[in-house]
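Written out below as C-alpha cells is the structure these notes cover.
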Amino acid sequence: MSVKIGISPIAWQNDDLPDLTAAYTMEQALKEAREIGFTGVERGQRMPADTEGLRAYLDANNIALCGGWCSGSTLVNDLDAEIGVVREQVEQFVALNSPCIVYAECSNTVQGQIGTPVNDRPKLSQDEVLAYAGKLTELAKWMADQGMPMAYHHHMGTVIESEDEVNWLMEGSGPELKLCFDTGHLLFGGGDVMATLNRWGDRVHHVHFKDIRPEIVQDTRENNRSFLDAVIAGAFTVPGDGCIDFQAVANALKAMDYNGWIVVEAEQDPAKAPPCEYSKMGFDHIVKVCGNAGLEITA
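Have a look at this one:
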C-alpha cells in the first residue's frame, strides 16, 4: 500500500478570504507546490471551470487533481435536486480521474460568515444526523455508480463538526459514504483525532493533514469569534507546526493499509506564514512521518 502527497491551494488562494491572498496567484500556487514535491492539488475556484480547460491547466503544471470541495445541500434538497446540483462536478472529476469529491453540508453553515461566532453554528440532534446520513447514503450511492467516491468532510461551522456528529454520520450511513478525515477540523471541533481515526479507518477514503495552534482555538471559543476570524488569527497551520502528533496518525494509516492521498490543507495569513515556506515545512514533515511509519510515497 502507498500514499500520494497533495495540497490544497488555499494557502496561496483563499476562496473564502480572497483579500487575504490577493498578492498571490493560482499559477504561483501550482508552480511552487510542484517544486516542493506535491504531486496533486485539490481544485480551487480560481482554476478553469470547464473540464478540458482544467485538464490543460493541470497538465501544464504537471500536477494531478486529487479532489476538491463540493458545497452540498442534502439537508434541504431531495435526491433528484441534489443530483442536479452536483452532476457537473461529478462528471468533471470522473473525467479527470480525481480520487473523490470532498463533500460537506453547506445549506446552513456559518463557516463563511465573519460576523457569526463559530460557536453559533447550526446543530442537529442524533436522530436528525442519522436521518441526514440516510439521505447522504443515497447520494453517495448515485456518485459511486458514476464512478466517483464521495468523501464527507466534517468541517467547522457546519452540522457535522464534533466527534459525536462524525460518529452519528458514519453509524447512520452505508459503506458508500466515505470519510474525508481532517485532523485539524476534528481537533478544533473538540474531537479525539486518534480515537476517531481508529474507529472509522475502514471508511476513510481521503485524508487532510492540518495542524492547529491550540491557544488560538481556545481564544476563538472563549471570545465567540468566527471561523474566518480564527483562520486570520492563525488557528490552522501545516503538519509539524502545531500540536497534533502526525507520527501517530501516520502509524495508524499504515496499520489500516491506507492507500490514497494525504493532502495538506492549511489556510493562514500569508503575511505571517509565507505559503511556499510553510507548505514545504508541511511536505517535509509528512515525508518524515510516513517514512518512520513505513508508508511508501508514490508520485
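Numbers 254 to 552, taken from my numbering, label the letters of the sequence shown in order.
We treat Cβ as the ideally placed atom computed from N, Cα and C, and that holds for glycine.
- Of the other Cβ atoms in all chains shown, 16 or more fall within 10 Å of the Cβ of Gln342; this residue is therefore buried.
- By the Cβ-count criterion, Gln471 is exposed, with fewer than 16 other Cβ atoms from all chains shown falling within 10 Å of its own Cβ.
- Residue burial is scored here from C-beta neighbours: Asn267 has at least 16 other C-beta atoms within 10 angstroms and is therefore classed as buried.
- The beta carbon of Val382 lies closer than 8 Å to those of Val412, Ile413, Glu418, Trp421, Leu422, Gly425 in the same chain, with the five residues before and after it left out.
- Here the alpha carbons of Lys431 and Gln521 stand approximately 27 Å from one another.
- Closest in C-alpha terms to Thr327, from the list Gln379, Pro527, Ala384, comes Ala384.
- Three or more Cβ pairs closer than 8 Å define a contact, and the segment 256 to 266 meets that threshold against the segment 288 to 298.
- Secondary-structure assignment with DSSP links Thr449 through no beta bridge to anything.
- The residue among Met534, Cys353, Ala334 with its C-alpha nearest the C-alpha of Phe434 is Cys353.
- Our two residues, Ala313 and Arg287, have alpha carbons roughly 11 Å apart in a direct line.
- The Cβ-Cβ distance between Val517 and Gly495 does not fall below 8 Å.
- Across the set Tyr511, Gly487, Ile316, the C-alpha of Tyr511 shows the shortest separation from the C-alpha of Gly547.
- Around the CB of Pro271, fewer than 16 other CB atoms lie within 10 Å, so the residue is classed as exposed.
- DSSP lists Asp435, Val516 as the beta-bridge partner residues of His461.
- Here DSSP, grouped into helix, strand and coil, assigns Tyr405 to strand.
- Within the segment 365 to 407, the complete alpha helix (DSSP H) segments of 4 residues or longer fall at 379 to 399, listed in chain order.
- Looking at Thr292, Leu311, Ala552, the one whose alpha-carbon comes closest to that of Pro301 is Leu311.
- Thr362 has its alpha-carbon roughly 18 Å from the corresponding atom of Asp331.
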